[in-house]
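Worksheet: the structure to be examined is printed underneath.
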Amino acid sequence: MFFREIFKKIKKNKNFMYGVPFLILMVAGSFGLQKFSELRYKYSRQQTVTPEERELVGVNMKKPEDVTIEREFEKIKKLDIQNWENIRGPRPWEENVD
1 MFFREIFKKI KKNKNFMYGV PFLILMVAGS FGLQKFSELR YKYSRQQTVT
51 PEERELVGVN MKKPEDVTIE REFEKIKKLD IQNWENIRGP RPWEENVD
């Protein structure tokens with residue numbers, strides 16, 4: 001009988017009714033998410049691609065020696081940034097009529 005009276009008093013307490021289930025949900029959820037993220041990294045496909053495989057697929061990359069910051073800066077300096085025209089792109093809800 002004594003335990004029933006204590007349980008009735010605790011049951012009326014709002015912290016017990018809402019707080020304890022919330023804390024249980026947070027703790028159990030964190031463990032569940034840990035397992036899902038563990039699976040994500042366990043089965044992720046991380047492979048190195050050789051230059052020969054890249055060429056077979058059609059990805060042509062420049063050699064690292066060919067691309068430097070100085071060369072790219074020289075290309076940008078040659079661009080005419082003073083004379084330009086603003087061209088509005090079509091919106092998804094508009095017809096693409098030129």
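Numbered according to UniProt numbering, the sequence shown spans residues 1 to 98.
Yeah, the Cβ is synthetic: ideal placement off N, Cα and C, and Gly gets one too.
From a predicted model like this one, the values you see are computed outputs, not experimental measurements.
Does residue i get closer than 9 Å to chain D when you measure Cβ to Cβ?
| i | result |
| --- | --- |
| residue 11 | Of the protein chains in the structure, only one exists, and it is not chain D. |
Would you give the residue range spanned by the alpha helix (DSSP H) that residue i belongs to?
| i | result |
| --- | --- |
| residue 34 | 20-42 |
| residue 2 | 2-12 |
| residue 76 | 69-78 |
| residue 54 | 51-57 |
May I have the straight-line CA-CA distance separating residue i from residue j, to the nearest angstrom?
| i | j | result |
| --- | --- | --- |
| residue 24 | residue 45 | 34 Å |
| residue 8 | residue 39 | 43 Å |
| residue 90 | residue 26 | 46 Å |
| residue 28 | residue 6 | 27 Å |
| residue 34 | residue 21 | 20 Å |
| residue 67 | residue 76 | 13 Å |
| residue 48 | residue 82 | 43 Å |
| residue 94 | residue 19 | 51 Å |
| residue 42 | residue 62 | 33 Å |
| residue 58 | residue 84 | 34 Å |
| residue 105 | residue 32 | Residue 105 is absent from the model: the chain starts at 1 and stops at 98. |
Please tell me whether, using a cut-off of 8 Å, the distance from the CB of residue i to the nearest non-hydrogen atom of the ligand NAP is below it.
| i | result |
| --- | --- |
| residue 74 | You won't find the ligand NAP in this model; it holds no ligand whatsoever. |
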